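Chains as they are written, first to last, in the working numbering: chain S, 2 to 174; chain X, 2 to 174; chain B, 2 to 174; chain Z, 2 to 174. Below you'll find the structure, written out as structure tokens, and then a few comments.
Protein chains: 4
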Amino acid sequence: MLFGTTGFDATTTLEIAKEADVTEPLVYYHFKGKDKLFTHSLELAFKGYFSRLRELPEHTATEFQKIVNLIILHFKIEDDLPEQMPMIVTTSPAKLHDPKGICLKNIKRARQFVVNYIRGCLHAGIKNGEFRKVPASATANMLVVLLNGLVRQRVYQLSESKGMKDASPFSLS
Amino acid sequence: MLFGTTGFDATTTLEIAKEADVTEPLVYYHFKGKDKLFTHSLELAFKGYFSRLRELPEHTATEFQKIVNLIILHFKIEDDLPEQMPMIVTTSPAKLHDPKGICLKNIKRARQFVVNYIRGCLHAGIKNGEFRKVPASATANMLVVLLNGLVRQRVYQLSESKGMKDASPFSLS
Amino acid sequence: MLFGTTGFDATTTLEIAKEADVTEPLVYYHFKGKDKLFTHSLELAFKGYFSRLRELPEHTATEFQKIVNLIILHFKIEDDLPEQMPMIVTTSPAKLHDPKGICLKNIKRARQFVVNYIRGCLHAGIKNGEFRKVPASATANMLVVLLNGLVRQRVYQLSESKGMKDASPFSLS
Amino acid sequence: MLFGTTGFDATTTLEIAKEADVTEPLVYYHFKGKDKLFTHSLELAFKGYFSRLRELPEHTATEFQKIVNLIILHFKIEDDLPEQMPMIVTTSPAKLHDPKGICLKNIKRARQFVVNYIRGCLHAGIKNGEFRKVPASATANMLVVLLNGLVRQRVYQLSESKGMKDASPFSLS
DNA sequence: CATGAATGAGCGTTCATTCAT
DNA sequence: AATGAATGAACGCTCATTCAT
């Protein structure tokens, strides 16, 4: 998807059509216009993302492992769908400020899912003594922020992320 | 700056001129074109950002306080310069992928500054026993990612960041 | 063609489109841009010119008649294609100085054709005793210059050319 | 003069000012505008041209020599004033079709001068038996056309003009 | 389904010209 | 006499979109 790599505005409908090996009017036959096509692509990307999220194993040895799984999964998704992940992380400002906010809506929904997921792990971990007593919501929120940052950094190759995993200053236990 | 809120491509030179209450050709008289104007604005934003970073107190009671100061400063900058911060965090994909990369260059430079700053704190804190022995580089890197994520979240108002400070799962000590 | 009468730079794409009774973007759909359109028009004009040149009768009573035919043909072409001849003779300075020179290339090619044609006549005429022994190349060159001048003068209506034919100071015999 | 090499339309007032090492408004202070400046330059060029024409020796050994002198003078002028001659020969179509015709006016005036000059030579030459009896006006006209063509050819370097002089098929005697 | 042709709207940019100083 | 700053008008060109076939 050119939208992810080039951005919505800098991608022309002609380029889109050429990439898909069809003619421009055909794009307009299937989708209603550029905006609709973008919405469609975005929702498709998020749909794929959500479906991957749902694959996460419900039960693992530890709650900590669940969180690790979540992070690893994001890296995997990025490797598997190198074209769609940018769309999810990029969030072109013009689209983000769009009042109708199909973009913002999905981002918030995805965010909420991950927050809930992590909070669940934290609650369970605290309950069973795996974690010490941390404020679950705020901690989950922060971990999401960290996760987003990690994915973005990887997408834009801003720096190597090697060694980060085992070097983390986090200690939930 | 419209570039930050609307994005480079979706911002027309006419809008820019109107916002500045001048005519379009005048923009081309002072700057050479839209690209040059963008570069100028971006460098101005980063210049302001860097100048604020340099204000950070060299010596504080604890090394932890220095890190906290860094984060608080970013929030302050965002409050003080609500127009420039988006430019720093937005990173339009088209511009980010530009190999010549005035945009990417600044982002990496800023990133490096903050990484170095935090790593310095960590090293010092570990030396004087304030922190336990964490891998400084990797930890600094991760904290930067977290910081970036926090700022982005705030700029785009993706969620409230209340309570995050004292609820942090971090424990460097 | 406006290019011929108005010149390349003074002809706007809008005028061109209006003259052709189409919209401006359509011009850009069929041709790539103003320059390409000019090139196309120029080559079309020269193509027509060359095709007319090829119509010249191979054999005539005298070699002198062949030369006269050549000159008369040029006047005919000018009458038949009043829009294209200016393009061939006008040679806008900007275009002429272009090193890549689609314009210059055609002009030189046309020139060469005519020079060769005349030189052929001269050689043959000298051989069969119709002409006295003149230096064929230099004479042909000069006659081309004269021909060009005549056509130009006619295109720009700089003066009447009546009576020139039978009043010529030339004497090849 | 950029007008001659680049053409009126393709020459900007800024370029003109820079070439003259002054600022743009100063050009407007001294001349009224681009058109007026062009007119001025053109008239200057023609003035210089006419002044050179007046230098032609009134009396020479033969009338033929006078005509030869005229041609040689044109080549000299071109060598001496490489910037102004193009203005005289180029005759941008847009300017030529201008009804007010400062351009056309000068060209016709120059043309008339040369025609008269040559016709005078012819008349005198015929009278004193130097030339055989050719129709003076028509012959003069044709020689002007040839002269124009020669100069143009030289300005645009369309071909070498070597050997043309002594190879001429002309014979006035 | 599919497309070549067409277009209204607008964009980035330039330029001849003016004005305040 | 001289200029930095400013602008109305227009230009070449692109693009999302439509329509006839």
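Built from N, CA and C at the ideal position, the CB exists for glycine as well. Treat the numbers as computed from the prediction; the structure is a model and nothing was measured.
request  = Step through the CB atoms of chain Z and report whether any lies within less than 9 Å of the CB of V146/B.
outcome  = yes
query = Can you list, in chain order, the stretches of the alpha helix (DSSP H) that have 4 or more residues and sit fully within the stretch 129-156 of chain Z?
reply = The stretch 129-156 of chain Z contains these whole alpha helix (DSSP H) runs: 137-156.
request  = Have a look at S52/B and E131/B and give me their C-alpha separation to the nearest angstrom.
outcome  = 29 Å
request  = Just the C-alpha distance for T6/S and L123/S, rounded to the nearest angstrom, thanks.
outcome  = 35 Å
ask   = So is V156/X buried or exposed if we call it buried at 16+ other beta carbons inside 10 Å?
value = buried
task = Could you tell me if E64/Z is buried or exposed, where buried requires 16 or more neighbouring beta carbons within 10 angstroms of its beta carbon?
result = With 16 or more other Cβ atoms within 10 Å, it is buried.
key: Opening and closing residue of the alpha helix (DSSP H) in which S26/X lies   = Looking at the sequence itself, residue 26/X is Pro, so the reference to Ser does not match. Per DSSP, P26/X belongs to the alpha helix (DSSP H) from E25 to H31.
task = Would you give the residue range spanned by the alpha helix (DSSP H) that L159/B belongs to?
result = First-last for L159/B: undefined, no H or E at that position.
request  = Identify the contact partners of L151/B in chain Z, using a Cβ-Cβ distance below 7 Å as the criterion.
outcome  = V146
request  = Compute the beta-carbon to beta-carbon distance between L15/S and E25/S, rounded to the nearest angstrom, for a pair I have assumed lies under 8 Å.
outcome  = 6 Å
ask   = Out of curiosity, what's the CA-to-CA distance linking S74/X and I127/X?
value = First, the amino acid is wrong: residue 74/X is Leu here, not Ser. Rounded to the nearest angstrom, the two C-alpha atoms are 23 Å apart.
message = Helix, strand or coil for E84/Z? Go by DSSP, reduced to three states.
response = Reduced to three states, the DSSP call for E84/Z is coil.
Proximity below 9 Å, CB of L147/X to CB of M143/S = Yes, Cβ-Cβ distance for L147/X and M143/S is below 9 Å.
inquiry  = Counting only C-beta atoms, is Q85/Z closer than 9 Å to chain B at any point?
reply    = Nearest CB-CB separation between Q85/Z and chain B: not below the 9 Å threshold.
task = Grab the span of the alpha helix (DSSP H) containing A46/S for me, first residue to last.
result = K35 to R55
request  = Please decide whether R120/B counts as near chain Z, where near means a Cβ-Cβ distance under 9 Å.
outcome  = no
task = Please report the Cβ distance between L54/X and M88/X, rounded to the nearest whole angstrom; I am assuming they are in contact, meaning their Cβ atoms lie under 8 Å.
result = By a beta-carbon distance limit of 8 Å, L54/X does not contact M88/X. Their separation comes to about 16 Å.
ask   = Do you know offhand how far K19/Z's Cα is from A11/Z's?
value = 15 Å
query = Closest Cβ-Cβ distance between A125/Z and chain B: below 9 Å?
reply = With a threshold of 9 Å between beta carbons, A125/Z makes no contact with chain B.
ask   = Within 10 angstroms of its Cβ, does A21/S collect 16 or more other Cβ (buried), or is it exposed?
value = exposed
key: A198/X - DSSP class collapsed to helix/strand/coil   = Residue 198/X lies beyond the range of chain X shown here (2 to 174); nothing can be said about it.
task = Reducing DSSP to helix, strand and coil, say where A11/B ends up.
result = coil
request  = Going by CA-CA distance only, name the one from V152/B, G8/B and L159/B that's closest to A82/B.
outcome  = Contrary to the premise, residue 82/B reads as Leu rather than Ala in this sequence. That would be V152/B, whose Cα lies nearest to the Cα of L82/B.
request  = With a 10 Å radius around its C-beta and 16 neighbouring C-beta atoms as the bar for buried, classify V23/B as buried or exposed.
outcome  = exposed
query = Looking at C-beta atoms only, is the number of pairs between the stretch 106-124 of chain Z and the stretch 135-142 of chain Z that lie closer than 8 Å three or more?
reply = The stretch 106-124 of chain Z makes contact with the stretch 135-142 of chain Z; the number of CB pairs closer than 8 Å reaches 3 or more.
Helix, strand or coil at I59/S according to DSSP, with G and I counted as helix = Reading off the sequence, residue 59/S comes out as Glu, not Ile. In this structure, E59/S counts as coil in the three-state DSSP scheme.
key: Under 7 Å from the C-beta of Q154/Z: neighbouring residues of chain B   = V146
ask   = Exposed or buried, which one is Q85/X when buried takes at least 16 other CB atoms within 10 Å?
value = buried
task = Determine the direct distance from the alpha carbon of L159/B to that of Q66/Z, and round the result to whole angstroms.
result = Cα to Cα, Q66/Z sits roughly 27 Å from L159/B.
query = Quick one: does M2/X have its CB under 9 Å from some CB of chain S?
reply = no
ask   = Should S169/S be flagged as near chain X, meaning a C-beta pair shorter than 9 Å?
value = Per-residue confidence for S169/S stands at a pLDDT of 49, beneath the threshold of 50, marking its modelled position as unreliable; the derived number appears in the next sentence. Cβ-Cβ to chain X under 9 Å: yes for S169/S.
request  = Note down, in chain order, each residue of its chain lying with its Cβ closer than 7 Å to the Cβ of Y50/Z, except the 5 sequence neighbours on either side.
outcome  = I78, I89 and A111
Where G177/B falls, given that 16 or more other Cβ within 10 Å makes a residue buried = The structure shown does not extend to residue 177/B, since chain B is modelled only from 2 to 174, so the question has no answer here.
task = Kindly indicate which three-state DSSP category A111/X falls into: helix, strand or coil?
result = helix
key: Residue-chain proximity (R55/B, chain Z), Cβ-Cβ < 9 Å   = At a cut-off of 9 Å between beta carbons, R55/B makes no contact with chain Z.
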